[in-house]
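The structure under discussion appears below in the form of structure tokens.
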Amino acid sequence: MNRRALPVLLLAAAVAAQGPDMLVTYSQQEQTLSLSGGTVLQRLLPNEIAYLEWSNGPCAAPSAEKWAPRTAFDTMAGDEDANGVLFSPFLFGRIDALCVGFGSTTAVGGTNLREVFWSPEVAMGPFVSGAPSLRPGDVGRIVRQGFLDGQVEYFMRQEQFNQALGLPLNTPIDVDAITFQPGLGVYFSLDQDIGANTFCGPTFVRDGDLLVVPDWAITWTPDFRVAAVLPNSAAVVHAEAQIQAMVINAGVADHLGNCVNTAIDLESLEFDWNGTMGISFPCPGAFLQTPNFVFSVETTTGAGLLTTVGGGQIYNHLCGPAAMPCGGITMGPQMGIRPATAAMGAPSFVNALAFGRAFTHVLEPLQHVMNVPFGAPMGANRVDYNSPFAANFVFVELVGMPVPQSLPAFPFSLLCFPDIYTINLIPYGPVFGQFGSFPVMAIPPALPPTKLLFQSVGIGGSGFELSTPAVIDIN
158 MNRRALPVLL LAAAVAAQGP DMLVTYSQQE QTLSLSGGTV LQRLLPNEIA YLEWSNGPCA
218 APSAEKWAPR TAFDTMAGDE DANGVLFSPF LFGRIDALCV GFGSTTAVGG TNLREVFWSP
278 EVAMGPFVSG APSLRPGDVG RIVRQGFLDG QVEYFMRQEQ FNQALGLPLN TPIDVDAITF
338 QPGLGVYFSL DQDIGANTFC GPTFVRDGDL LVVPDWAITW TPDFRVAAVL PNSAAVVHAE
398 AQIQAMVINA GVADHLGNCV NTAIDLESLE FDWNGTMGIS FPCPGAFLQT PNFVFSVETT
458 TGAGLLTTVG GGQIYNHLCG PAAMPCGGIT MGPQMGIRPA TAAMGAPSFV NALAFGRAFT
518 HVLEPLQHVM NVPFGAPMGA NRVDYNSPFA ANFVFVELVG MPVPQSLPAF PFSLLCFPDI
578 YTINLIPYGP VFGQFGSFPV MAIPPALPPT KLLFQSVGIG GSGFELSTPA VIDIN
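Counting in the working numbering, the sequence shown runs from 158 upward without gaps.
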């Protein structure tokens, strides 16, 4: 293929696949606008991913629903900290950055948990995946490689960011926001100020800067992950002062009703294809093609989103403005979460953002760990669910350590979770409706430490559509 034609073709594909729907994380614990049928799924945690579906249904009160519960990450990662318990409530600390793999099937299905990449605030343990595992300076995902579950596949490693920034490869960094497009490059922000050596020479990079590793400096893998970068190839696209000027120009209110006049830290990033392509000049004699971006900063609480279009505006998603202008209060429902009170918005800023199309089909137990040496009756614990399918069948499996084993479900589950963990298909029972619960079976006394894994199969879509897996540690 003509390499000069590649950016145009890939840009067209990105616009077609992007859609208005969002994968999102919040900086603090928040609550879904819908209350999720009264289930535990109404609680959105900073180390989980929520999904906002704007494109299907009315815009009266769209809710951000839990799409990747922490129990799903725990199951996929396994006993990463080697403590004998799969449940790791503080795994990743917070999810700081999100991007969807270029090879995802958004045109025919949806993004799933094996396709999305993220960067953690806290490093994941290496007991299952092996060192270096997934660090704050990496952007990666948890996959199965052959028969090895709990492995890390990288979109871009810490060492590659450091090489592009002209830093020693082992320099600890924290990637705070990311988006990418083959033909343009990888755009990102860091969580700390640091002295770097970009292609413009020595540069003091600030945590509010938006940087790029241009496409010409990147060698891509066949599935468009970063295989290699040229040294000292990064550049500042928008400096922190420019981002702050955009925030001021947007005239946006925070969750307390204050007019935001400072940016502090750039927190999330996505392309805004509603704007035109521009040019930035990182240093004399150099220029870069620069698209527009949807973004949040640390001060846009109430879960507000802005855009770089027009020098800084409040972003408008399919259902309206993603924040309130000065004089109002950015409450949170505009991004699918409930306000703190009738007069105060949700305290979170959007911590990570990626556009994509997905299906919310999840399980989460009320209690992730049951310490019951004397046993427990049926219903002492429950598992809550959210399914887009009218009829679902739950299966259960006893799983071993250090990581539950999965198998690909293809050609089934093309819309939801792509792998089956309940390999023996031990039936547990049918469930019906979007939100609901089912009781956990009775636990006999003196049961040795056990791991119960539940997974639901919905009837619809490609025939059989799998939920995210959920494990209960029983001690």
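The beta carbon of each residue, even a glycine, is placed where N, CA and C say it ideally should be. Only a predicted model underlies this, so the values are computations on that prediction, with no experimental measurement involved.
Per DSSP, reduced to three states, the secondary structure at Glu397 is helical. Per DSSP, Ala229 is one residue of the alpha helix (DSSP H) stretching across Arg227 to Ala234.
Looking only at Phe506, Pro606 and Ala353, the smallest Cα-Cα distance to Glu424 is reached by Phe506. Within the stretch 405–474, the beta strand (DSSP E) runs of at least 3 residues that lie entirely inside it are, in chain order, 423–428, 435–440, 443–447 and 450–454. Secondary-structure assignment with DSSP links Arg200 through a beta bridge to Gln188. Taking 4 residues as the minimum length, the stretch 324–393 contains no alpha helix (DSSP H) run wholly inside it. The closest CA to that of Pro504, considering only Asn415, Pro478 and Leu564, is found on Asn415. A residue is called buried once 16 or more other Cβ atoms fall within 10 Å of its Cβ, and Gln338 is buried on that count. Under a 10 Å Cβ-count criterion, Asn543 is classified as buried, with 16 or more other Cβ atoms of the shown protein chains found around its own Cβ. The three-state reading of DSSP puts Asn319 in helix, counting H, G and I together. As the crow flies, the alpha-carbon of Gly340 is around 34 Å from that of Gly214.
The alpha-carbon of Met501 is positioned some 38 Å away from that of Val597.
Here DSSP, grouped into helix, strand and coil, assigns Gly195 to helix. Scanning the stretch 505–539 from its first residue to its last, the whole beta strand (DSSP E) runs of 3-plus residues come out as 507–512 and 519–522. Beta-bridge pairing by DSSP links Tyr208 to Leu180 and Glu222. For Val370, same chain residues with a beta-carbon under 7 Å away, outside a window of 5 residues either side, are Ala321, Gly342, Val343, Val386, Ser390 and Ala391 in chain order. Met481 sits in coil when the DSSP states are folded into three classes, being neither helix nor strand. Closest by C-alpha distance to Ile400, out of Ile421, Ala511 and Phe589, is Ile421. Nearest neighbour of Ala234 by Cα position, chosen from Gly352, Phe567, Gly365 and Ser563, turns out to be Ser563. Rounded to the nearest whole angstrom, the CA to CA distance from Gly477 to Gly484 is 18 Å. Excluding residues up to 5 positions away in sequence, Leu367 lie with their Cβ nearer than 6 Å to the Cβ of His395 in the same chain.
Taking the Cα positions, Leu572 is about 34 Å away from Ala374. Proximity of the stretch 223–231 to the stretch 484–493 falls short of the contact definition, fewer than three beta-carbon pairs being nearer than 8 Å.
If you compare the alpha carbons of Leu243, Gln302 and Asp364 with that of Gln349, the shortest gap goes to Asp364. The Cβ-Cβ distance between Leu180 and Thr268 falls below 8 Å. With contact defined as three or more Cβ pairs closer than 8 Å, the stretch 238–256 and the stretch 188–201 are not in contact.
Note that the C-beta distance between Val296 and Met313 is below 8 Å.
If the five residues before and after Pro606 are omitted, its C-beta is found closer than 8 Å to the C-beta atoms of Gly241, Asp630, Ile631 and Asn632, all from its own chain and listed in chain order.
Judged by DSSP in its simplified three-state form, Met492 adopts helix.
For the stretch 246–287, the full-length beta strand (DSSP E) segments reaching 3 residues or more read 252–257 and 273–277 along the chain.
Cβ-Cβ distances below 6 Å link Val560 to Gly235, Val285, Asp306 and Gly307 in the same chain, with the five nearest sequence neighbours on each side left out; the list follows chain order. Taking 8 Å as the cut-off, the beta carbon of Thr625 is found no closer than this to the beta carbon of Tyr208.
Leu510 is a Cβ neighbour of Ser453, given a cutoff of 8 Å.
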